[in-house]
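Asks: Heads up, the sequence shown is in numbering that gives the first Met the number 0, so the first residue is 0 and it goes up one at a time.
Quick reminder that beta carbons are idealized off the backbone N, C-alpha and C, glycines included.
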Amino acid sequence: MKRITALVTTISVLGLLFTGSATAQPHIEHESSGCGRMGAPASRMHDLSTVETITGEVIAVDTVSRRGGRSDGVHLRVAAQSGEVSVHLGPAWYLDQQGIQIESGDQVEVIGSRITMTNASTIIARQIRQGDRVLTLRDENGFPEWRRQR
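1) Report the rounded CA-to-CA distance for Arg-147 versus Val-133, giving the unit in angstroms.
2) Which of the three DSSP states, helix, strand or coil, is assigned to Thr-49?
3) Measuring CA to CA, which of Ile-123, Ser-64, Val-84, Gln-129 is closest to Val-50?
4) Under the DSSP definition of a beta bridge, which residues are partnered with Gln-58?
5) Whose C-alpha, out of Asp-61, Glu-56, Gln-97, Gly-141, is nearest the C-alpha of Glu-108?
6) Would you say Asp-61 and Leu-75 are within 9 Å of each other, going by their C-beta atoms?
7) For the alpha helix (DSSP H) holding Leu-94, just list the boundary residues, first then last.
8) Out of Asn-140, Ile-127, Thr-54, which one is the CA nearest neighbour of Ala-79?
9) If we call anything under 9 Å between Cβ atoms a contact, is Thr-135 one with Gln-126?
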């Protein structure tokens with residue numbers, strides 16, 4: 000009986016030790032496209048050598064849900080002179096906080112880095128101008144403004 004009690008106690012203690020070390024590991028999420036949180040691909044993919052300016056009419060505003068309860072991302076489809084362009088803005092909560100409302104039919108000017116994300120050409124917006132309102136989303140190096148606030 001004493002041996003069984005000792006065995007159960009040993010197994011329980013070892014189980015607690017392994018559980019503690021497993022929960023102490025950093026949490027890393029992987030996703031195909033991100034909205035600029037720590038380690039998210041969109042913030043790492045900003046390429047200074049591909050920065051360009053486009054102007055055009057917003058033909059769609061899409062909110063993209065993320066895995067794991069992460070913030071929804073906002074993407075635009077803009078009819079520019081060169082054709083339809085996908086524009087990645089950032090997390091919906093940040094745009095809401097800035098008080099900017101972008102809708103289909105709005106004329107916009109976007110400065111950003113053209114990259115390939117999930118096999119499609121996309122502009123990671125650094126700045127967007129809507130009428131007389133200018134919203135800076137990332138600094139000149141592509142670092143997201145919303146990460147400065149959290």
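Replies: If we stick to the structure as given:
1) What you label residue 147 is simply residue 148 of the sequence shown in a count that begins at 1. What you label residue 133 is simply residue 134 of the sequence shown in a count that begins at 1. When rounded, the distance between both Cα atoms is 18 Å.
2) Counting from 1 along the sequence shown, the entry for residue 49 is found at position 50. Three-state DSSP puts Thr-49 in a helix.
3) Along the sequence shown, one-based indexing puts residue 50 at 51. Ranking Ile-123, Ser-64, Val-84, Gln-129 by Cα distance to Val-50 puts Ile-123 first.
4) Along the sequence shown, read from residue 1 onward, the residue named residue 58 stands at position 59. Note on identity: in this sequence residue 58 is Ile, with Gln being the wrong assignment. Its beta-bridge partners do not exist; DSSP assigns none.
5) Within the sequence shown, residue 108 is the residue found at index 109, counting from 1. The residue with the shortest Cα to Cα distance from Glu-108 is Glu-56.
6) Locating residue 61 in the sequence shown gives position 62, counting from the first residue. Locating residue 75 in the sequence shown gives position 76, counting from the first residue. In this structure, Leu-75 lies closer than 9 Å to Asp-61 by Cβ.
7) Taking the first residue of the sequence shown as position 1, residue 94 is located at position 95. Segment 91 to 97, the alpha helix (DSSP H) holding Leu-94.
8) To locate residue 79, count along the sequence shown from 1; it is residue 80. Among Asn-140, Ile-127, Thr-54, the Cα nearest to that of Ala-79 is on Thr-54.
9) The count along the sequence shown starts at 1 and reaches residue 135 at position 136. The count along the sequence shown starts at 1 and reaches residue 126 at position 127. The answer is yes: Cβ separation under 9 Å.
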